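Asks:
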RNA sequence: GGAGGGGUGGCAGAGUGGACUAAUGCGGCGGUCUUGAAAACCGUUGGGUGGCAACGCCCCGGGGGUUCGAAUCCCUCCCCCUCCGCCA
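Numbering (the working numbering), first residue to last: 15 to 441.
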């Protein structure tokens with residue numbers, strides 16, 4: 015959420031941001047509601063000021079035994095007028111809040127301007143494409159051939175876009191989680207947390223999933239709780255409503271959680287394989303930092319995520335999302351795209367964003383400066399990285415002619431020394 | 001699920017209709033003293049909002065009500081704690 019005062023004073027910047035993002039929003043209506051609300055507020059405040067003063071006088075007069083009937087009558091009328099104004103203020107504020115909650119963050123000046131992903135800017139590439147002396151297969155064929163991915167039974171248990179992992183496939187999933195957590199906690203300075211996976215509406219609003227992405231989320235029938243679409247939600251909300259000490263910053267947190275997304279509106283897209291699932295695992299990185307260096311922290315966070323792919327030997331590229339592709343709450347975002355040789359394309363495996371004070375204003379996460387002032391922190395997060403898509407990438411990049419899959423060296427200790435995935439046997 | 005207790009500033013914790021303009025302590029900041037630090041002492045210190053300012057308004061879990069006036073009384077919802085029951 016942006017500060018109303020900021021929108022008022024930088025209306026043209028906000029307007030440009032809306033246009034660049036390709037978003038429709040009645041900014042003029044918002045501005046006029048803001049003006050109206052302030053005028054009503056001033057009027058009501060003046061009346062309240064009178065009432066406060068006279069009420070105090072009434073108290074004194076009563077004590078002295080002076081008759082106060084007239085003043086009481088007068089103040090009753092003032093009270094009625096205040097009530098009328100308050101009603102107007104409330105309805106004005108409702109519409110104002112509705113619009114305000116839908117104003118996206120301002121993209122950073124380094125973000126390429128364009129309507130869609132074709133305007134994303136490639137920053138760098140890492141790694142050599144693997145060479146095959148046979149036709150490389152997509153990961154779903156490899157996984158089914160080894161009987162470590164069972165798509166039919168995943169559907170039977172839940173519905174489409176749910177998959178059953180078996181044997182060495184399940185072990186690979188578990189190994190990746192542990193490898194990534196160890197890397198980030200032991201080498202990158204993150205503190206591991208394991209948060210609740212059902213969260214309340216306050217969390218969803220704070221990180222910006224609500225109100226815009228309501229249809230993307232699974233909601234409990236009898237409780238006002240949602241399944242998290244990413245660990246970003248519970249982890250960012252750890253410090254919701256708190257004022258931190260300046261010395262505590264920066265705070266680096268990482269978490270493994272399952273994630274749940276309804277994928278509404280993506281029917282028929284990526285229906286095969288592990289790329290687009292309703293439930294997937296992810297190791298997430300979250301930072302709360304001082305506002306002065308959040309963009310440096312974004313570079314570091316992105317590097318931390320990249321190192322996962324480097325250690326696994328998976329070729330990837332880094333792109334900066336254009337204004338049209340940038341998510342609602344983000345000021346800047348780097349996507350890491352991993353090479354999938356079975357499909358001959360790069361696919362997103364991590365998204366690293368700086369939300370500046372957009373989330374922290376909604377969540378009221380602040381820190382106290384040396385001078386005693388409370389200021390909003392900047393929040394960042396990034397996948398470090400998505401587990402299911404990493405499984406897909408390993409299967410495709412390390413596949414062998416005989417249908418087996420080599421295990422990247424860094425993962426072998428996490429798989430009891432297993433060097434080659436050959437099936438469901440756990441030895 | 002049943003019974004009881006509770007939600008007040010960064011934290012702890014008073015406050016049952018009019019000087020609450022929220023006591024007090026801790027913590028923070030500034031200062032005195034000191035070679036320096038600690039201790040002690042003195043001062044200061046919540047958040048938000050409107051206004052160029054003077055100054056004003058709002059905030060005691062959320063919402064609603066009574067009253068000239070509500071942290072305080074009433075209604076309602078939420079959350080936390082203790083005990084009992086059930087249970088991984």
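For each residue, glycine too, the CB sits at the ideal point set by N, CA and C.
Small disclaimer: the values here were computed from a predicted structure and weren't measured.
Is DSSP giving residue 5 helix, strand or coil here?
Replies: Outside the shown range of the chain (15 to 441) lies residue 5, about which nothing can therefore be said.
Asks: When the Cα of residue 319 is compared with those of 342, 414 and 347, which residue comes out closest?
Replies: Translated into the one-based positions of the first chain, residue 319 becomes position 305. Of the candidates 342, 414 and 347, the one whose C-alpha sits nearest the C-alpha of residue 319 is 347.
Asks: Taking the beta strand (DSSP E) that residue 390 belongs to, which residues open and close that run?
Replies: By 1-based counting over the first chain, the position of residue 390 is 376. Residue 390 -> beta strand (DSSP E) spans 388-390.
Asks: Should the region 233-242 be regarded as contacting the region 347-358, the criterion being three or more beta carbon pairs within less than 8 Å?
Replies: No: the two stretches stay apart, fewer than three of their Cβ pairs being nearer than 8 Å.
Asks: Assuming residue 96 and residue 65 make a contact with CB atoms under 8 Å, what is their CB distance in whole Å?
Replies: On the first chain, residue 96 is found 82 positions in, with the first residue counted as 1. On the first chain, residue 65 is found 51 positions in, with the first residue counted as 1. With 8 Å as the limit, residue 96 and residue 65 qualify as a contact, their Cβ atoms being about 7 Å apart.
Asks: Which one or two residues does DSSP pair with residue 206 in a beta bridge?
Replies: Position 192 of the first chain, counting from 1, holds the residue named residue 206. According to DSSP, which records beta bridges pairwise, residue 206 is partnered with 268.
Asks: Please report the straight-line C-alpha distance between residue 275 and residue 405, rounded to a whole angstrom.
Replies: Numbered from its first residue, the first chain carries residue 275 at position 261. Numbered from its first residue, the first chain carries residue 405 at position 391. Each residue's Cα considered, the two are about 19 Å apart.
Asks: Quick one: complete alpha helix (DSSP H) runs, 4+ long, within the region 16-82?
Replies: Complete alpha helix (DSSP H) runs here, min 4: 18-23, 25-35 and 41-78.
Asks: Give every residue of the same chain whose Cβ lies closer than 7 Å to the Cβ of residue 68, excluding the five residues on either side of it in the sequence, and list them in chain order.
Replies: Looking up residue 68 in the first chain gives position 54. The answer, listed in chain order, is 85 and 89.
Asks: Taking only runs of the alpha helix (DSSP H) that begin and end inside the region 253-333, which ones reach a length of at least 4 residues, in chain order?
Replies: Within the region 253-333, the complete alpha helix (DSSP H) runs of at least 4 residues are 308-326.
Asks: Could you round the C-beta distance between residue 364 and residue 344 to whole angstroms and report it? I think they count as a contact, below 8 Å.
Replies: Translated into positions along the first chain, residue 364 becomes position 350. Translated into positions along the first chain, residue 344 becomes position 330. The pair is not a contact, with the Cβ atoms about 14 Å apart (cut-off 8 Å).
Asks: Just curious, the beta strand (DSSP E) that residue 447 is in, first and last residue?
Replies: Residue 447 lies beyond the residue range present for the chain, which begins at 15 and ends at 441; the question has no answer from this structure.
Asks: Would residue 175 pass as a contact of residue 290 if the rule is Cβ separation under 9 Å?
Replies: Translated into the one-based positions of the first chain, residue 175 becomes position 161. Translated into the one-based positions of the first chain, residue 290 becomes position 276. Going by C-beta atoms, residue 175 is nearer than 9 Å to residue 290.
Asks: Compare the Cα-Cα distances from residue 400 to each of 247, 296, 321 and 35 and report the closest residue.
Replies: Translated into the one-based positions of the first chain, residue 400 becomes position 386. The shortest Cα separation from residue 400 among 247, 296, 321 and 35 belongs to 296.
Asks: Could you tell me if the beta carbon of residue 297 falls within a distance shorter than 8 Å of some heavy atom in the ligand SAM?
Replies: The ligand SAM is absent from the structure shown, which contains no ligands of any kind.
Asks: With respect to the beta strand (DSSP E) encompassing residue 382, which residues constitute its N-terminal and C-terminal limits?
Replies: What you label residue 382 is simply residue 368 of the first chain in a count that begins at 1. Counting along the chain, the beta strand (DSSP E) containing residue 382 begins and ends at 380-382.
Asks: Are the CB atoms of residue 428 and residue 172 within a distance shorter than 9 Å?
Replies: Numbered from its first residue, the first chain carries residue 172 at position 158. Numbered from its first residue, the first chain carries residue 428 at position 414. Against a cut-off of 9 Å, the Cβ pair of residue 428 and residue 172 comes out as no contact.
Asks: To the nearest angstrom, report how far apart residue 327 and residue 191 are at their CA atoms.
Replies: Locating residue 327 in the first chain gives position 313, counting from the first residue. Locating residue 191 in the first chain gives position 177, counting from the first residue. Residue 327 and residue 191: Cα-Cα distance of roughly 16 Å.
Asks: Can we say the region 153-161 touches the region 134-144, given the rule of at least three CB pairs closer than 8 Å?
Replies: No: the two stretches stay apart, fewer than three of their Cβ pairs being nearer than 8 Å.
Asks: For the alpha helix (DSSP H) containing residue 403, name the first residue and the last one.
Replies: Looking up residue 403 in the first chain gives position 389. Per DSSP, residue 403 belongs to the alpha helix (DSSP H) from 401-411.
Asks: I need the straight-line Cα distance from residue 305 to residue 157, nearest angstrom please.
Replies: Walking along the first chain from the start, residue 305 turns up at place 291. Walking along the first chain from the start, residue 157 turns up at place 143. When rounded, the distance between both Cα atoms is 45 Å.
Asks: Would you list, in sequence order, the uninterrupted alpha helix (DSSP H) runs of no fewer than 4 residues that lie entirely inside the region 198-246?
Replies: Within the region 198-246, the complete alpha helix (DSSP H) runs of at least 4 residues are 215-220.
Asks: If you pair each beta-carbon of the region 114-132 with each one of the region 37-52, do three or more pairs fall below 8 Å?
Replies: Flag = yes, the region 114-132 and the region 37-52 touch.
Asks: Based on DSSP bridge pairs, tell me the residues matched to residue 515.
Replies: Residue 515 is absent from the model: the chain starts at 15 and stops at 441.
Asks: Grab the span of the alpha helix (DSSP H) containing residue 5 for me, first residue to last.
Replies: Because the chain spans 15 through 441 in this model, residue 5 falls outside it and cannot be assessed.
Asks: Expressed to the nearest angstrom, what Euclidean distance is found between the alpha-carbon atoms of residue 209 and residue 342?
Replies: As a first step, residue 209 is located in the first chain; it is residue number 195 there, counting from the start. As a first step, residue 342 is located in the first chain; it is residue number 328 there, counting from the start. Near 24 Å, if we compare the C-alpha coordinates of residue 342 and residue 209.
Asks: Could you spell out the range, first to last residue, of the beta strand (DSSP E) harbouring residue 135?
Replies: Indexing the first chain from 1 puts residue 135 at position 121. Its beta strand (DSSP E) spans residues 135-140.
Asks: Would residue 268 pass as a contact of residue 204 if the rule is Cβ separation under 9 Å?
Replies: Sequence index remark: in the first chain, residue 268 carries index 254 (1-based). Sequence index remark: in the first chain, residue 204 carries index 190 (1-based). Yes, the Cβ-Cβ distance between residue 268 and residue 204 is below 9 Å.
Asks: To the nearest angstrom, how far is the alpha carbon of residue 164 from that of residue 253?
Replies: Walking along the first chain from the start, residue 164 turns up at place 150. Walking along the first chain from the start, residue 253 turns up at place 239. Cα to Cα, the separation comes out at about 40 Å.
Asks: Write down the C-beta distance between residue 303 and residue 392 rounded to the nearest angstrom, noting that I regard them as a contact closer than 8 Å.
Replies: Position 289 of the first chain, counted from the start, is the residue given in the question as residue 303. Position 378 of the first chain, counted from the start, is the residue given in the question as residue 392. The Cβ separation is near 5 Å, so the contact holds.
Asks: What are the residues that DSSP puts in a beta bridge with residue 178?
Replies: Walking along the first chain from the start, residue 178 turns up at place 164. 164, per the DSSP bridge assignment.
Asks: Would you kindly check if the distance between the Cβ of residue 338 and the Cβ of residue 131 is under 9 Å?
Replies: Your numbering for residue 131 matches position 117 in the first chain. Your numbering for residue 338 matches position 324 in the first chain. Yes; because the gap between Cβ atoms is below 9 Å, this pair is in contact.
Asks: Going by C-alpha distance, which of 16, 134 and 182 is nearest residue 426?
Replies: In the first chain, the residue the question calls residue 426 occupies position 412. For the residues 16, 134 and 182, the minimum Cα distance to residue 426 belongs to 182.
Asks: Output yes or no for whether 9 Å exceeds the beta carbon distance between residue 381 and residue 262.
Replies: In the first chain, residue 381 corresponds to position 367, counting from 1. In the first chain, residue 262 corresponds to position 248, counting from 1. It is a contact, given that the beta carbons lie within the stated cut-off.
Asks: Do residue 311 and residue 197 have their C-beta atoms closer together than 9 Å?
Replies: Your numbering for residue 311 matches position 297 in the first chain. Your numbering for residue 197 matches position 183 in the first chain. Going by C-beta atoms, residue 311 is not nearer than 9 Å to residue 197.
Asks: Considering only residues of the same chain and omitting the five flanking positions on each side of residue 122, which have a CB-CB separation below 6 Å?
Replies: As a working mapping, residue 122 is identified with position 108 in the first chain. Answer for residue 122: 345 and 346, listed in chain order.
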